[in-house]
Amino acid sequence: MARISTYENSSPVLLTDKVIGTNVSGTPTNVTKNFLISDLLTLFQSNITLQNVLDAGNTATQSIVLTGAITQTGDFGITGNLTQAGGALTLGGTVRDFNGALGNNGETLVCNASGQLVFGSGLTNQNLDQVLAIGNTATNDINLTGNIVQTGNYIPTGDITHVGAYNFSGGQFTTTATGTMVLGGALTCNSSISLTGTVKDYTDTLGGANQFLVSDASGQVTWQSTLPSPLASSALTVINLALSNAEGVVVTTAATATDVRIPTNAGIAFPIGTKVTIIQEGAGQVTIAPTAGVTVNSAVGLKTNAQFAVAHVVKTATDTWYAYGNLTP
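Each position in the sequence shown, counted from 1, maps to that position plus 1129 in this note's numbering.
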């Protein structure tokens, strides 16, 4: 057997250095040849796999920079921080929160007091003050089914459209000179209303000098120059005045004598200054008849003097009235 001698080691080893080996795959086989270190390195690099690397060791302190996609079929567990410096993070599967729970339909990931993301029904840890601090302007409609309790002043600078009842108690409700309050429902006020600006009626019209806001049968108010008088026509021969006749006209149509009776203040409390007009349209003469305890003063009498006569009664004190017009004793 021949003796094999060893040689000195080469240091450093270069890619251009050669080694002697046997080529078993050539023809003829088992031929002794030289091999470059660079060729051997290329051979090793082209045949090594990620599994070979991880089998050798799966722990490293270096950063990993990936330019392609990662396809994962198992669980992805992180014990440290996950930092993404750019690009999009696409989640094609399910997401579990800090407690390992899947979210239900409509739930959101919310940060709890410990900084952990858990599924919840919304921003449960934020109050209205925190939301408004982020942004207090929205273009969406706000639909409230409960009550709004306000303890401070309410000062709108734009238009407010309110449909339904608006109950305001305590504090001040101030509308600036450039603001408009439009009510689509009822406005109930149990206290005083101070109007320092202009007031428009149902037709969006401003009132003229000395005009009145007058309500129609539907409760809608319009500006009027004169107050309409309520008209009541009756064929009864005994007519008892009621509050509905105040500042109005009573027309008698009976063919026989008719009494128009004035009640006591205890019975019906007409305001002092109330005026009622009486017209005898029928053939029956009208007698202005005070109830016991009521005094009616007249310079001419308390009976109408002819058909189509017009008489007036005015209340001047608690149970005192005055009569004038087409009257006779």
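Positions of the beta carbon are idealized from the N, C-alpha and C atoms, including for glycine.
For clarity, every value in this text was computed on a predicted model and none was experimentally measured.
Original post:
Per DSSP, which one or two residues make a beta bridge with C1240?
Top reply: In the sequence shown, residue 1240 corresponds to position 111, counting from 1. Bridge partners of C1240: L1246.
Original post:
How close, in whole Å, do the beta carbons of Q1152 and V1142 come, if the pair is a contact with beta carbons under 8 Å?
Top reply: Sequence index remark: in the sequence shown, residue 1152 carries index 23 (1-based). Sequence index remark: in the sequence shown, residue 1142 carries index 13 (1-based). Just to set this straight, residue 1152 is Asn in the shown sequence, not Gln. About 21 Å separates the beta carbon of N1152 from that of V1142, a gap too long to meet the 8 Å contact definition.
**OP:** Mind reading off the beta-carbon distance from D1448 to G1422? Whole number of angstroms is fine, and I expect it under 8 Å.
**Re:** Here residue 1448 refers to the residue found at position 319 of the sequence shown. Here residue 1422 refers to the residue found at position 293 of the sequence shown. That belief holds up - the Cβ atoms of D1448 and G1422 are roughly 6 Å apart, short of 8 Å.
Original post:
Quick one: Cα of T1420 to Cα of T1334, how far?
Top reply: Against the sequence shown, residue 1420 aligns to sequence position 291. Against the sequence shown, residue 1334 aligns to sequence position 205. Between T1420 and T1334, the C-alpha separation is close to 45 Å.
**OP:** Give a yes or no on contact between the segment 1394-1401 and the segment 1358-1368, applying the rule of three or more CB pairs nearer than 8 Å.
**Re:** As far as the Cβ criterion goes, the segment 1394-1401 does not touch the segment 1358-1368, which means the pair count is below three.
**OP:** Mark L1218 as exposed unless 16 or more other C-beta atoms lie within 10 angstroms of its C-beta, in which case mark it buried.
**Re:** Against the sequence shown, residue 1218 aligns to sequence position 89. Exposed.
Original post:
Nearest to L1195 by CA position, among G1215, D1226, F1341, I1207, is which residue?
Top reply: Sequence index remark: in the sequence shown, residue 1195 carries index 66 (1-based). Ranked by Cα distance from L1195, the first of G1215, D1226, F1341, I1207 is G1215.
Subject >> G1222, buried or exposed, once every other Cβ within 10 Å from all chains shown has been counted against 16 >> reply: Translated into positions along the sequence shown, residue 1222 becomes position 93. Counting Cβ neighbours within 10 Å, G1222 comes out exposed, since fewer than 16 surround it.
Original post:
If you compare alpha carbons, which of T1433, A1428, I1193, I1407 is closest to V1442?
Top reply: In the sequence shown, the residue the question calls residue 1442 occupies position 313. For V1442, the closest alpha carbon among the candidates T1433, A1428, I1193, I1407 is that of I1407.
Subject >> Where S1373 falls: helix, strand or coil (DSSP) >> reply: Here residue 1373 corresponds to residue number 244 of the sequence shown, with the count starting at 1. DSSP places S1373 in helix when its eight states are reduced to three.
**OP:** Kindly list the residues whose CB is nearer than 6 Å to the CB of D1226, restricted to its own chain and excluding five residues on each side of it in sequence; keep chain order.
**Re:** Working through the sequence shown from its first residue, we reach residue 1226 at position 97. Excluding positions up to five away in sequence, the list reads L1246, V1247, F1248.
Original post:
If we call anything under 7 Å between Cβ atoms a contact, is G1413 one with T1433?
Top reply: The residue labelled residue 1413 in the question sits at position 284 within the sequence shown. The residue labelled residue 1433 in the question sits at position 304 within the sequence shown. Their beta carbons are not under 7 Å apart, which means G1413 does not touch T1433 by this criterion.
Original post:
Considering D1528, what are the terminal residues of the beta strand (DSSP E) in which it resides?
Top reply: This structure cannot settle anything about residue 1528, because the visible part of the chain is limited to 1130 through 1458.
Original post:
Is the beta carbon of A1438 sitting closer than 7 Å to the one on N1426?
Top reply: In the sequence shown, counting from the first residue as 1, residue 1438 sits at position 309. In the sequence shown, counting from the first residue as 1, residue 1426 sits at position 297. Note that the C-beta distance between A1438 and N1426 is not below 7 Å.
Original post:
If you draw a straight line from the C-alpha of T1178 to the C-alpha of G1209, how long is it?
Top reply: For this step, residue 1178 is matched to residue 49 along the sequence shown. For this step, residue 1209 is matched to residue 80 along the sequence shown. Distance between T1178 and G1209, taken at the CA atoms: about 26 Å.
**OP:** Less than 8 Å between the CB atoms is what I'm expecting for V1379 and A1361, so what's the real figure, rounded?
**Re:** Position 250 of the sequence shown holds residue 1379. Position 232 of the sequence shown holds residue 1361. Right, the Cβ-Cβ distance comes to about 5 Å (below 8 Å), so this counts as a contact.
Subject >> Within the segment 1363-1420, ranges of the beta strand (DSSP E) (whole runs, at least 3 residues) >> reply: Within the segment 1363-1420, the complete beta strand (DSSP E) runs of at least 3 residues are 1367-1369, 1378-1381, 1387-1391, 1404-1409, 1415-1419.
**OP:** Starting from G1150, follow its DSSP beta bridges and name the residues at the other end.
**Re:** Locating residue 1150 in the sequence shown gives position 21, counting from the first residue. Here G1150 is bridged, per DSSP, to K1162.
Subject >> Selection from I1149, T1145, L1144 that minimises the alpha carbon distance to Y1136 >> reply: What you label residue 1136 is simply residue 7 of the sequence shown in a count that begins at 1. Considering only alpha carbons, the answer is I1149.
Subject >> Nearest candidate by alpha-carbon position, reference I1271, set T1171, F1173, V1292 >> reply: Within the sequence shown, the letter at position 142 stands for residue 1271. Closest by alpha carbon: V1292.
Original post:
Residues bridged to V1439 by DSSP?
Top reply: Position 310 of the sequence shown holds residue 1439. I1408, per the DSSP bridge assignment.
Subject >> Straight-line Cα distance separating Y1453 from A1346 >> reply: Translated into the one-based positions of the sequence shown, residue 1346 becomes position 217. Translated into the one-based positions of the sequence shown, residue 1453 becomes position 324. Approximately 32 Å between the Cα atoms of the pair.
Subject >> With 16 other Cβ atoms within 10 Å as the buried cut-off, status of T1317 >> reply: Position 188 of the sequence shown, counted from the start, is the residue given in the question as residue 1317. Exposed.
Original post:
DSSP on L1273, reduced to helix/strand/coil?
Top reply: Within the sequence shown, numbered from 1, the residue matching residue 1273 stands at position 144. L1273: coil per DSSP, three-state reduction.
Subject >> Cα-Cα separation between V1260 and A1198, rounded to whole angstroms >> reply: Here residue 1260 corresponds to residue number 131 of the sequence shown, with the count starting at 1. Here residue 1198 corresponds to residue number 69 of the sequence shown, with the count starting at 1. V1260 and A1198 have their C-alpha atoms spaced approximately 38 Å apart.
Subject >> Nearest neighbour of T1403, chosen from L1372, V1224, T1332 [CA to CA] >> reply: Residue numbering aside, residue 1403 sits at position 274 when the sequence shown is read from its first letter. Of the residues L1372, V1224, T1332, the one whose Cα lies closest to the Cα of T1403 is L1372.
Subject >> Proximity below 7 Å, CB of T1445 to CB of Y1451 >> reply: Position 316 of the sequence shown, counted from the start, is the residue given in the question as residue 1445. Position 322 of the sequence shown, counted from the start, is the residue given in the question as residue 1451. Yes, Cβ-Cβ distance for T1445 and Y1451 is below 7 Å.
Subject >> Closest Cα partner of S1192 within the set K1162, N1228, T1355, T1212 >> reply: The count along the sequence shown starts at 1 and reaches residue 1192 at position 63. For the options K1162, N1228, T1355, T1212, the alpha carbon positioned closest to that of S1192 is the one of T1212.
Original post:
Rounded to a whole number of angstroms, what is the C-alpha to C-alpha distance between A1242 and G1206?
Top reply: Translated into positions along the sequence shown, residue 1242 becomes position 113. Translated into positions along the sequence shown, residue 1206 becomes position 77. C-alpha separation (whole angstroms): 23 Å.
**OP:** With distances taken Cα to Cα, identify the nearest neighbour of A1418 among G1430, Q1340, V1278.
**Re:** As a working mapping, residue 1418 is identified with position 289 in the sequence shown. Among G1430, Q1340, V1278, the Cα nearest to that of A1418 belongs to G1430.
Subject >> Local conformation of V1343 per DSSP, three classes >> reply: Taking the sequence shown and counting its residues from 1, one reaches residue 1343 at position 214. Secondary structure of V1343 (DSSP, three-state): strand.
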